[in-house]
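Numbers given in my numbering equal positions in the sequence shown, counted from 1, plus 5.
Note that beta-carbon positions come from the ideal geometry of N, C-alpha and C, so glycine has one too.
Taking it in order: structure first as structure tokens, then the write-up.
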Amino acid sequence: MPTVIHFPTENVPPATQSCALTELIRDELCHLSSNEYMVNCILERMKPFIATLDCDLELDVEITSDNEAGVMQMIPAVQSLQSRFDGIISEIISERILHEIHLFHIERAKKI
């Protein structure tokens with residue numbers, strides 16, 4: 006019997022239905038299954054998770070004539086970091102989607 010891990014839901018702001026991340030996850034779920042009920046159940050369960058990921062990680066840097074050269078040299082490193090971060094987040098989202106699909110099927114099987 007698989008172990009169900011409950012994800013934290015306290016102190017998480019509510020996600021809006023129309024955020025880009027919700028739509029990305031909806032598209033992935035629809036690509037994996039045509040079961041609209043499953044898609045809606047999983048999206049509902051993932052709201053706190055989506056709200057946690059839907060944050061602004063903007064990097065504010067003040068460029069002056071004294072630090073302009075240094076900031077320009079950092080741009081490739083920051084872009085590389087952003088690419089790696091995007092990849093990690095994508096993997097986390099994919100794993101969570103697969104986990105939620107698995108959990109959905111287990112719950113449905115128990116009801117039968």
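Item: Given 8 Å, three or more beta-carbon pairs between the region 99-117 and the region 43-61; Value: yes
Item: Under 9 Å between C-beta atoms of LEU37 and ILE93; Value: no
Item: Nearest-angstrom Cα separation, counted from MET79 out to SER95; Value: 24 Å
Item: Anticipated Cβ contact below 8 Å, LEU64 with VAL83, distance rounded; Value: 7 Å
Item: Residues near GLU4 by beta carbon distance below 7 Å, same chain, minus five either side; Value: No answer is possible for residue 4: it lies beyond the span of the chain, which begins at 6 and ends at 117.
Item: Residues near ASP61 by beta carbon distance below 8 Å, same chain, minus five either side; Value: none
Item: Close beta carbons around ALA74, own chain, < 8 Å, minus the five adjacent residues each side; Value: none
Item: Separation of GLU28 from SER39, as counted between CA atoms; Value: 15 Å
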